[in-house]
Amino acid sequence: MKRLTIPADFLVHHPMHMYRHAVMKHQNVEYTMTVKMESHKEDPDRTNHINVFGEWREFATACRFDYEKMIRFRYMYLLNDVVGPAIEQIPVFHLC
């Protein structure tokens, strides 16, 4: 699996569409994932859902998760990363 889909109702209180990356952590394992917004096909101004792309299988193996484990994640904090002249904010999530 290469992506995690986050439904639009979660985005009402957690504006993930504002970010390009997210960091997923579990104990000492940390992976940076790419965040992409999927717009509604009939109304392009409406957010349909967010996909978080990355090496999820590799991440789950490194965390020693069972294959069928349901992944839950909790927002922890924002990380500021300097990218050229701009500062990019990256949300950090803890997985359990």
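In this note's numbering, the protein residues as written are -4 to 91.
Even for Gly, the Cβ is constructed at its ideal location relative to N, Cα and C.
Every value quoted in this text rests on a predicted model; they were computed, and no experiment measured them.
How close, in whole Å, do the beta carbons of residue i and residue j come, if the pair is a contact with beta carbons under 8 Å?
{"i": "MET28", "j": "HIS16", "result": "7 Å"}
{"i": "LYS20", "j": "VAL78", "result": "Not quite, the Cβ-Cβ distance comes to about 20 Å (not below 8 Å), so this is no contact."}
Could you compute how far the alpha carbon of residue i sits from the alpha carbon of residue j?
{"i": "GLU25", "j": "VAL47", "result": "15 Å"}
{"i": "GLU50", "j": "ALA57", "result": "11 Å"}
{"i": "PRO2", "j": "VAL18", "result": "18 Å"}
{"i": "LYS31", "j": "ARG(-2)", "result": "10 Å"}
{"i": "LEU73", "j": "GLU37", "result": "32 Å"}
{"i": "ILE66", "j": "ASP76", "result": "26 Å"}
Would you decide whether residue i is buried or exposed? Buried here means 16 or more other CB atoms lie within 10 Å of its CB.
{"i": "HIS9", "result": "exposed"}
What would DSSP say about residue i, mapped onto helix, strand or coil?
{"i": "HIS8", "result": "coil"}
{"i": "ARG69", "result": "strand"}
{"i": "PHE88", "result": "strand"}
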